[in-house]
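Mapping the sequence shown onto my numbering, position 111 (from 1) lands on 111, and the numbers just tick up by one.
Working notes, beginning with the structure itself.
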Amino acid sequence: MTPTFRFAPSPTGFLHLGHALSAVTVWRAAEAAGGRVLLRIEDIDPVRSKPEFAAAIEEDLAWLGLSWSGPVARQSERFDLYAAALARLDAMGLLYACRLSRADIAAAAAPDAPRDPDGALRLPIAGAVASDPDGPAARRLRMDKALAALGPERLSWREQDEGVVAARPQDWGDVVLARKETPTSYHLAVAVDDAAQGVTDVVRGRDLYAATSVHRLLQRLLDLPEPVYRHHRLLAAPDGDKLSKSRGSPSLRSLRAEGWTRDDVLRAIGDV
């Protein structure tokens, strides 16, 4: 089997140096393994995802000299796959409707409660009240029942250069698997897509290390294959926080307009 990697950015803004580090790391790993890289656009956010950002992703990767195998996959065109996975979990009695907003949860959660791409967790939270009890509902995983369904076998994943890592999805509480505005979440979509696309190696940023516990849980519940994981270092902004689109980190396009070359980018991310 050909080792299969993927690069899966969200089209909610232009790529920055942090994305360049991740992309180059993925392609270098695939090259070393004699494998291929798939490009997947994770556009499940119907409000923030923009076609112009998706087009810019392909342009920026080409400018970096990176090419991918096959057509570009778009999560917005794969909702039927997520719906089937969600229905399977629902048939197992592992889902429930939740109308709490992020603000509702934040107001009731402890200050140190963990957070993920879908908001604060550790549900149910004592005293949490939905601000819109008649509004649309998200679908959350019953974490206690999900763990019980696995039986006594230890849940873990294989981290390159670390070996076997114990997974602790219970630390995340009842994660969102379908959002109020779209029939999936990051966790469900990434687990389903990696399996459907035959991804054997997941190379991504260290900020998603802990989320691997949730993905391994979903893989086990849905009888999906387990890839090998590698979580690479992150680039930090001058204030020490990671680079991000939401914080206005300079985009590759803006750097290119200032005269940066591909080699300048590679030096900035520590590749040369």
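We put the beta carbon where it would ideally sit given N, CA and C, even for glycine.
Here the structure is a predicted model, which means the values were calculated and not measured.
Given this structure, state the Cα-to-Cα distance separating residue i from residue j, to the nearest angstrom.
i: THR261; j: ALA8; result: 23 Å
i: ARG158; j: ASP134; result: 43 Å
i: LEU38; j: ASP90; result: 30 Å
i: LEU188; j: PRO250; result: 30 Å
i: GLU153; j: ASP207; result: 27 Å
i: ARG99; j: THR184; result: 15 Å
i: TYR209; j: VAL47; result: 26 Å
i: LEU353; j: ALA33; result: The question about residue 353 has no answer, for the chain in this structure spans 1 to 272.
i: SER254; j: ALA211; result: 31 Å
i: PRO136; j: LEU95; result: 15 Å
i: VAL192; j: SER76; result: 13 Å
i: ALA268; j: LEU17; result: 8 Å
i: ALA87; j: ILE44; result: 18 Å
i: ALA25; j: ASP263; result: It is Thr, not Ala, that sits at residue 25 in the sequence shown. So the two alpha carbons sit approximately 15 Å from each other.
i: ALA97; j: LEU155; result: 26 Å
i: ARG78; j: GLY163; result: 32 Å
In chain order, what residues of the same chain lie with their CB nearer than 8 Å to the CB of residue i, ignoring the 5 residues before and after it?
i: ARG256; result: TRP63
i: ALA149; result: MET92, LEU94 and LEU221
i: GLU226; result: TRP157, ARG158, ARG216 and GLN219
Does the Cβ-Cβ distance between residue i and residue j come in under 8 Å?
i: ALA146; j: LEU217; result: yes
i: VAL176; j: ARG142; result: no
i: ALA85; j: VAL265; result: no
i: ALA196; j: LEU61; result: no
i: GLN160; j: VAL214; result: no
i: LEU224; j: LEU15; result: no
Excluding sequence positions up to five away, which residues of its chain have a Cβ less than 7 Å from the Cβ of residue i?
i: GLY205; result: SER22, HIS231, HIS232 and LEU234
i: THR2; result: GLY35 and ARG36
Ordered along the chain, which non-local residues of its own chain (more than five positions away) have a Cβ less than 6 Å from that of residue i?
i: ARG6; result: LEU38, ARG40 and VAL199
i: ALA54; result: PRO11 and ILE41
What does DSSP give as the partner residue(s) for residue i in the beta ladder?
i: ALA96; result: Looking at the sequence shown, residue 96 is not Ala but Tyr. Answer is ARG140.
i: PHE7; result: LEU39
i: ALA189; result: Its beta-bridge partners do not exist; DSSP assigns none.
i: HIS232; result: GLY205
Measure from the C-beta of residue i to each C-beta in chain D and report whether the shortest distance is under 8 Å.
i: GLY173; result: Here chain D cannot be found, since the structure has a single protein chain.
Are at least three pairs of beta-carbons, each pair with one atom in the stretch 98-109 and one in the stretch 55-72, less than 8 Å apart? When Cβ pairs closer than 8 Å are counted between the two stretches, the stretch 98-109 is seen not to touch the stretch 55-72, the count staying below three.
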